[in-house]
Every structure is written in structure tokens, then in C-alpha cells.
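**Q**
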Amino acid sequence: MENYLSGMNDIIREKASRVKLLITDIDGVLTDGGVIYDDNYLEYKKFNVKDGLIVKVLKNNGLKIGAITGRNSPVVRSRCEELDFDFHYHGISHKGEKLDEVLKKFQIGLDECAYIGDDLIDIPILTRVGFSAAPIDALPYVRQKVDFISSLPGGKGVFREVADVILSSKGLLEKIINELSEK
Numbered sequence: 021m022e023n024y025l026s027g028m029n030d031i032i033r034e035k036a037s038r039v040k041l042l043i044t045d046i047d048g049v050l051t052d053g054g055v056i057y058d059d060n061y062l063e064y065k066k067f068n069v070k071d072g073l074i075v076k077v078l079k080n081n082g083l084k085i086g087a088i089t090g091r092n093s094p095v096v097r098s099r100c101e102e103l104d105f106d107f108h109y110h111g112i113s114h115k116g117e118k119l120d121e122v123l124k125k126f127q128i129g130l131d132e133c134a135y136i137g138d139d140l141i142d143i144p145i146l147t148r149v150g151f152s153a154a155p156i157d158a159l160p161y162v163r164q165k166v167d168f169i170s171s172l173p174g175g176k177g178v179f180r181e182v183a184d185v186i187l188s189s190k191g192l193l194e195k196i197i198n199e200l201s202e203k
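Shown next, in the form of C-alpha cells:
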């Protein structure tokens, strides 16, 4: 397996193995954090297809997937719908409060929840969930708060790497790869 999987310590494996719900921020995690506007004020964002591909695999293996993002963007809303996230909340300035609602709705405990974030607004969730992660280019004081720092910057497959860590910790990733190799 890749370096980030073979290099995981037992604490990360244990925390990641309990995950039933993976929540992500969008800007700076699923995207590089940049926003492009054209002359008509249409917004453009670039997403990594590797992040998108793994969502279906996670869901097929019993995980719930969602997003809590501070910006309210039609582009992001469309991407979340395209990926069939179980939920996605936009324009949320108090993410910790929204987390409480989500956990109650899905009857999932904090220790069974993972979150990927990169900025100040994510700290109220990152410091509470059972397994927290950030891209390598997250702000230093955010990286200090998480269990796992991705080897990748935002928009370059961070979600995929974290998903692989979770699947590997649950003993599922190798099985999934072997099943696909037999087809």
C-alpha cells in the first residue's frame, strides 16, 4: 500500500476504524480554495474526480457522507448533489452547532464521526470528532488540532486519501481492490 497507509500509527487506525460518518468542508479540501469569477459573476471551482469516485465506495460500505461549508455556492451545491452526499449544508457560520444536528439526525456519536477541514471555521468540529484530518496546506494552527494530516494539498485528492485511510483501517480497502482486480 501507499506510504500514507503503511505509515499510519495504531491510534489513527483505531480512530479511523470507528468512523460511520465522514463530513468534509469544501473550499480548501475538495477544492484548492480558489474562486474564479467571470465577467458575468459566474463562479467556477475545480474539483478532483478521485475525491468524487470514492464517495460511492464509502456509501456502498455503509458510511454516510456529508458536507458543512461556510460559503453558499451553487457550484458546490451541484457537486454535492452530483456525488449523492447524504446531506450538505451551505452558508454555515457556526459549524459546531450544525454538527450536533447532524449527529442527532443520524444517531451517530462523536467518536464515530470524521471531519476534514482546513481553516478557523472548522476548528469547532475538528476538535470534537473522533477522527479529524486536514490537507497538508491547511493553516499551521489547524494542522496542530487534527489526528491526520494528508500528504496532499486541498483540491488534490485530500478527501480520497482520508477515505482510503478509513477504508484501510476498517480492513476494507484491500478487499475492495482485490474484488475490482478480479472483474
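Numbered per the working numbering, the sequence shown spans residues 21 to 203.
Idealized CB from N, CA, C, for every residue including glycine.
Within this structure, are the beta carbons of Asp45 and Gly137 separated by less than 8 angstroms?
**A** Yes, the pair counts as a contact, with Cβ atoms nearer than the cut-off.
**Q** Hey, quick one: how far does the alpha helix (DSSP H) through Ala158 stretch, first residue to last?
**A** Neither: Ala158 is in no alpha helix (DSSP H) and is coded neither H nor E.
**Q** Could you spell out where the alpha helix (DSSP H) holding Lys125 opens and where it closes?
**A** 115-126
**Q** Please report the distance separating the alpha-carbon of Lys35 from that of Arg148.
**A** 13 angstroms
**Q** In terms of residues, what are the limits of the alpha helix (DSSP H) holding Gly54?
**A** Element bounds for Gly54: n/a, residue is neither H nor E.
**Q** For Gly241 and Asn60, what's the separation of their Cα atoms in angstroms?
**A** With the chain running from 21 to 203 in the structure shown, residue 241 is simply not present.
**Q** Could you have a look at Gly72 and say whether DSSP puts it in helix, strand or coil?
**A** helix
**Q** Compare the beta carbon distance of Ile88 and Asp106 with 8 angstroms and say whether it is the shorter of the two.
**A** Cβ distance not < 8 angstroms, so Ile88 and Asp106 don't count as in contact.
**Q** Taking only runs of the beta strand (DSSP E) that begin and end inside the stretch 88-116, which ones reach a length of at least 3 residues, in chain order?
**A** If one requires a minimum length of 3 residues, the beta strand (DSSP E) runs lying completely within the stretch 88-116 are 107-109, in chain order.
**Q** Report the rounded CA-to-CA distance for Ser113 versus Lys66, giving the unit in angstroms.
**A** 23 angstroms
**Q** What did DSSP end up calling Phe67 once you bin it into helix, strand or coil?
**A** The answer is coil: DSSP assigns Phe67 none of H, G, I, E or B.
**Q** With respect to the beta strand (DSSP E) encompassing Leu42, which residues constitute its N-terminal and C-terminal limits?
**A** Start and end: 41-44.
**Q** Given this structure, state the Cα-to-Cα distance separating Arg33 from Phe168, to the nearest angstrom.
**A** 10 angstroms
**Q** Going by the DSSP bridge assignment, what does Gly86 pair with across the sheet?
**A** Ile43, Phe107
**Q** In terms of residues, what are the limits of the alpha helix (DSSP H) holding Ile136?
**A** No alpha helix (DSSP H) contains Ile136, which is instead part of the beta strand (DSSP E) from 133-136.
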